[in-house]
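Going by my numbering, the sequence shown opens with residue 67, and the numbers climb by one from there.
Heads up, the thing below is written out as structure tokens.
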Amino acid sequence: MVEFKIAPSNTGIIAQTFKKIKEITASGSIDIDTPVRILLAAGKYPGILSYNLPNPLILEGMPGTKPEDIVLLAENCEAFHKDTENRAVFVIGPNASEVTLRGFTIENTHLKTCDDASLGNQAEALCFHNQNGSLLCQNMRFISRQDTVHVKGFSRFEDCYITGDIDFIWGYCDTSVWVNCKIHTREDNRPGVRPAYVVQSRALNSRPGFIFVDCTFTADKRPEGSELWIGRSQGTGTKDSVDRWDSIALIDCKIDENYDDRIWTDEDGKKTVYPEKGCKDFGWREFGTKRINSNGDEIADNTAVRNPHGYFMKKEEADSLRSEFAPSV
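Set out below in structure tokens:
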């Protein structure tokens, strides 16, 4: 393993380190499968980043630092750079193999100034634009507004904090596992009544999609009439489509009282949900959901009014999913 220790002494130090890895690999000093570890000292690291090398990467905070002590930040959005893989603060490209992020913050500072969708308010903090490698995030903080985290392929998030105001966890994933994460819907920075959705799954056909285990979903209060949802459909998935399946699982998760009791939405029938009915393997599904009331008490959630596209897993089905994807929890 090759190790670098860096501090925010000059702008672009992380990008310069990525460039150095590429150069020493090209020179033959290290192999393309040699792991690289980069340790970050406390401070702010401004700039847009991209990692697209096959060398396994561990990017983490120095021992003794907290995630909020180390912040990678920039303003980027669809209006500035078109397409998902170009508008994030940190993009991990298709040539990456194994990437581990641990113990720091990635923040996209973009603020919304207009309702016009063509102006491009989509603004990822992290984009994992990779179907074949793997991403592991531990004790991380991801901060933005619209589309905070986008993932393809295989990813795992443990003990992370994620915030945004709409569709802020989404992507064309095979399997994206979230364990013991704090997921917070923040108020839109623009005034007025506005809906909010946490997850928009565009998962691969017949694959598990987004799996949340022991996660807590909280939200800022919004103006009366603003509906908040855990998941919504993109609306174009079909039996034969390669992706865009509405596959989200909640296992023993907690949801605060700001979220609609139906939790899933097809926007009053305007969006087609596929699969039309969830099952233990894919689609909208849940087990053991609890509601956090205004007193902070956790109570069994009232599931009587759930969206009919959702499926209630049996205990043995939920246990099997937990055993497969979160065995240490």
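We put the beta carbon where it would ideally sit given N, CA and C, even for glycine.
All values derive from a computational prediction rather than experimental measurement.
Separation of Glu-89 from Asn-174, as counted between CA atoms: Translated into positions along the sequence shown, residue 174 becomes position 108. Translated into positions along the sequence shown, residue 89 becomes position 23. Straight-line Cα distance between these residues: approximately 29 Å.
Ala-384 versus Gly-354, Val-371, Ser-116, residue with shortest Cα-Cα distance: Reading the sequence shown from its first residue, position 318 is the one you call residue 384. It is Gly-354 whose Cα lies nearest to the Cα of Ala-384.
C-alpha gap between Pro-74 and Asp-312, whole angstroms: Sequence index remark: in the sequence shown, residue 74 carries index 8 (1-based). Sequence index remark: in the sequence shown, residue 312 carries index 246 (1-based). Distance between the alpha carbons of Pro-74 and Asp-312: 41 Å.
Collapsed DSSP secondary structure at Gln-197 in the structure displayed: Numbered from 1 along the sequence shown, position 131 holds the residue referred to as residue 197. It is coil, neither helix nor strand.
Phe-170 vs Pro-133 beta-carbon contact at 7 Å: As a first step, residue 170 must be located in the sequence shown, where it is residue number 104. As a first step, residue 133 must be located in the sequence shown, where it is residue number 67. Going by C-beta atoms, Phe-170 is nearer than 7 Å to Pro-133.
Within 7 Å, strictly: CB atoms of Arg-260 and Ser-292: Counted from its first residue, the sequence shown places residue 260 at position 194. Counted from its first residue, the sequence shown places residue 292 at position 226. Yes, the pair counts as a contact, with Cβ atoms nearer than the cut-off.
Status (buried if at least 16 other CB within 10 Å, exposed otherwise) for Leu-119: In the sequence shown, counting from the first residue as 1, residue 119 sits at position 53. Leu-119 comes out buried.
Same chain, Cβ closer than 6 Å to Leu-105, neighbours up to 5 away in sequence not counted: The count along the sequence shown starts at 1 and reaches residue 105 at position 39. Cβ neighbours of Leu-105 beyond the five flanking positions: Lys-71, Met-128.
Touching by the beta-carbon criterion (3+ pairs, under 8 Å), the region 266–276 and the region 220–228: no
Three-state secondary structure (DSSP) of Lys-110: The sequence position of residue 110 within the sequence shown is 44, counting from 1. Judged by DSSP in its simplified three-state form, Lys-110 adopts strand.
Asn-361 burial status per 10 Å Cβ neighbour count (16 or more: buried): The sequence position of residue 361 within the sequence shown is 295, counting from 1. Exposed.
Inter-residue Cα distance where the pair is Arg-310 and Asp-135: Looking up residue 310 in the sequence shown gives position 244. Looking up residue 135 in the sequence shown gives position 69. Distance between the alpha carbons of Arg-310 and Asp-135 is about 37 Å.
Nearest-angstrom beta carbon gap, Phe-276 and Ile-317 [assumed within contact, 8 Å]: Within the sequence shown, residue 317 is the residue found at index 251, counting from 1. Within the sequence shown, residue 276 is the residue found at index 210, counting from 1. Contact doesn't hold; Cβ gap of about 11 Å is too wide.
Sufficient close CB pairs (3 or more, under 8 Å) joining the region 106–113 to the region 146–154: Output reads no: the region 146–154 does not touch the region 106–113.
Which of helix, strand or coil DSSP assigns to Asp-385: Sequence index remark: in the sequence shown, residue 385 carries index 319 (1-based). Here Asp-385 sits in helix by DSSP.
Beta-carbon proximity of Ser-242 to Ser-221, cut-off 7 Å: Translated into positions along the sequence shown, residue 242 becomes position 176. Translated into positions along the sequence shown, residue 221 becomes position 155. Their beta carbons are under 7 Å apart, which means Ser-242 touches Ser-221 by this criterion.
Thr-91, DSSP secondary structure in three states: Residue numbering aside, residue 91 sits at position 25 when the sequence shown is read from its first letter. Looking at Thr-91 - three-state DSSP - the assignment turns out to be helix.
Entirely enclosed beta strand (DSSP E) segments - the region 132–169, minimum 3 residues: Fully enclosed beta strand (DSSP E) runs of 3 or longer: 136–140, 156–158, 164–168.
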